[in-house]
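Using this note's numbering, read the sequence shown as starting at 59 and increasing by one per residue. Beneath this line is the structure, given in structure tokens, with notes to follow.
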Amino acid sequence: MSIYNFELFVAWRYLRSKRRTAFISIITYLSIAGVTIGAAALVIVLSVMNGFEHEVRRRIINADAHLRIVQYHHTAFDGYLELAEQLKEVPHILGVSPFIEEKGLLVSPEGSDGIAVRGVIPEMVKTVTDVESIIIDGGIFHDEDKGLPGIIIGLYLADGLFIDEGDTVSIISPSGIFAGLTIPRMMKFRVDGIFETGLMDYDNLYCFISLKSAQRLYGLGDKASGVDIKIDDLYRADAVKEELIRMLGPYPYHPYTWFEMKPNLYNWMKIEKWMMFLVLSLIILVAAFNITSSLIMMVLEKKRDIGVLKSLGADSGTVKRIFAFEGLVVGLLGGTMGTMAGFIICFLQYKYHFIKLPGDVYIIDFFPILIKPLDFILVWAAAVVLSLFAGFYPALKASQLQPAEAIRYE
């Protein structure tokens, strides 16, 4: 038997042996339970946070693009259709859609509200976003084939202004004021559809109209604000952006990735995830203190055994490793059981959605789950390392005992 096998054997026997003081056994079991609960809570919460992040990103991408090309200073430009055709030839690009994005005032018989107006070509926007999947009432507009031009608006905006499908609304553009006119531009629209992404920033702000209507409303002639792009892999956006810069040059066009278009939202979600990780790590930290306490009391209880081991030739390093291994074993047991329990709960929630959320409050009616193996590895490693460190001080105290004094203990 090698020296390390001997040390592990003794450590395991000490953990399993019946104690003269039952309180020590209770603390040891509580330490293992604490590490288990902490590890399980961590992997579950991280998986839920991953799920929410994925769900929010998916819903944003349904209404937005993977990349966007605009001119510097965000000025409208002509030749957008030629640019769109040029972009179609770039590898990994699946669809392109010119757009106009401006501010306006939406007016209904029940009131008015500030909005963001996005003008698109219906046939082309379908190749970039999944806009039809978020329409919950009516459908996407088809330019002006029914008299008034069509519009689709967000659910919260529609509820706030008591707007239903088929109603007539007006958009007032501030561009007339800036152009020095006494009366701003105004156009009437027929509400063809109402959409819901589940994201307040979108559903309470955005309206979609045709590109031609937006050009007339804002007096842009045959110009667009930019071109939206869909690629075959969302996470290839940075590489495609670099390719676009090489193709188009550094000026006058500037491409943005989906992350750069909403940096505050995505950064906030990442910060929130890791803040939850730090907070819940305190559970494992408390368990680590319990490990330290139980091992210190075990050192006192096994004082005579330590003296016997030393008198038989065991050095201080051997004794130190025995008690350090006890902390390691507690961490391995608790970390492994915790991550396994967390995985089982996450898998069941992912498959059966048995933990529900109020659908009228949240964007979905269940806790979303996205399992990332790296999170499980990090949590397991954190549990083991903290438990190992928790055993260092008791191990040091045990190694400093003198054999004669330890044997005389009883």
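Beta carbons: idealized from backbone N, C-alpha and C, even for Gly. Small disclaimer: the values here were computed from a predicted structure and weren't measured.
Can you give me the Cβ contacts of residue i inside the same chain, cut-off strictly under 6 Å, excluding the 5 residues immediately before and after it?
i       : result
Gly-109 : Pro-426, Ile-427 and Leu-428
Glu-111 : Met-327
Ile-84  : none
Met-244 : Ser-228 and Ile-230
Ile-354 : Pro-452
If you reduce the DSSP assignment to three classes, tell me which class residue i lands in.
i       : result
Tyr-314 : strand
Thr-376 : helix
Ala-134 : coil
Ile-329 : helix
Val-186 : coil
Gln-458 : coil
Ser-228 : strand
Asp-263 : Checking the sequence, you will find Leu at residue 263 rather than Asp. The answer is coil: DSSP assigns Leu-263 none of H, G, I, E or B.
Phe-347 : helix
Ala-123 : coil
Val-437 : helix
Asp-222 : coil
Ser-89  : helix
Gly-449 : coil
Val-357 : helix
Taking its Cβ as the centre, do 16 or more other Cβ atoms sit within 10 Å of residue i, making it buried, or is it exposed?
i       : result
Glu-181 : exposed
Phe-383 : buried
Ser-191 : exposed
Asp-250 : buried
Thr-133 : exposed
Ser-170 : exposed
Tyr-293 : exposed
Lys-378 : buried
Asp-217 : exposed
Glu-143 : exposed
Phe-266 : buried
Glu-168 : exposed
Ser-457 : buried
Taking Cβ positions, are residue i and residue j nearer each other than 7 Å?
i       : j       : result
Pro-452 : Val-357 : yes
Leu-213 : Glu-147 : no
Lys-270 : Asp-136 : no
Tyr-264 : Ile-127 : no
Gly-196 : Val-175 : no
Phe-247 : Leu-275 : no
Asp-225 : Asn-120 : no
Asp-423 : Lys-414 : yes
Can you round the beta-carbon distance between residue i and residue j to whole angstroms, since I take them to be within the 8 Å contact cut?
i       : j       : result
Lys-288 : Val-186 : 4 Å
Val-285 : Ser-89  : In fact, because the Cβ distance is near 59 Å, the residues do not count as touching under 8 Å.
Arg-117 : Leu-257 : 6 Å
Leu-446 : Leu-386 : 5 Å
Ser-268 : Phe-157 : Going by Cβ atoms, the distance from Ser-268 to Phe-157 rounds to 11 Å, so no, they are not a contact pair.
Gly-393 : Ala-441 : 3 Å
Which residues in the same chain as residue i place their Cβ atom closer than 8 Å to its Cβ, once the five residues preceding and following it in sequence are excluded?
i       : result
Ala-295 : His-124, Leu-125, Ile-289, Thr-315, Trp-316 and Phe-317
Asp-261 : Gly-212, Leu-213, Tyr-214, Leu-215, Phe-253, Glu-254 and Thr-255
Met-334 : Val-103, Leu-104 and Met-107
Val-101 : Gly-396, Thr-397, Gly-400, Phe-401, Cys-404, Asp-433, Phe-434 and Val-437
Asp-291 : His-150
Val-443 : Gly-389
Lys-331 : Leu-104, Met-107, Asn-108 and Glu-111
Whose C-beta lies closer than 7 Å to the C-beta of residue i among residues of the same chain, with five residues either side of it excluded?
i       : result
Ala-99  : Leu-338 and Ile-341
Asn-348 : Ile-85, Leu-88, Ser-89 and Gly-92
Ser-351 : Ile-85
Val-68  : Ile-380
Leu-323 : none
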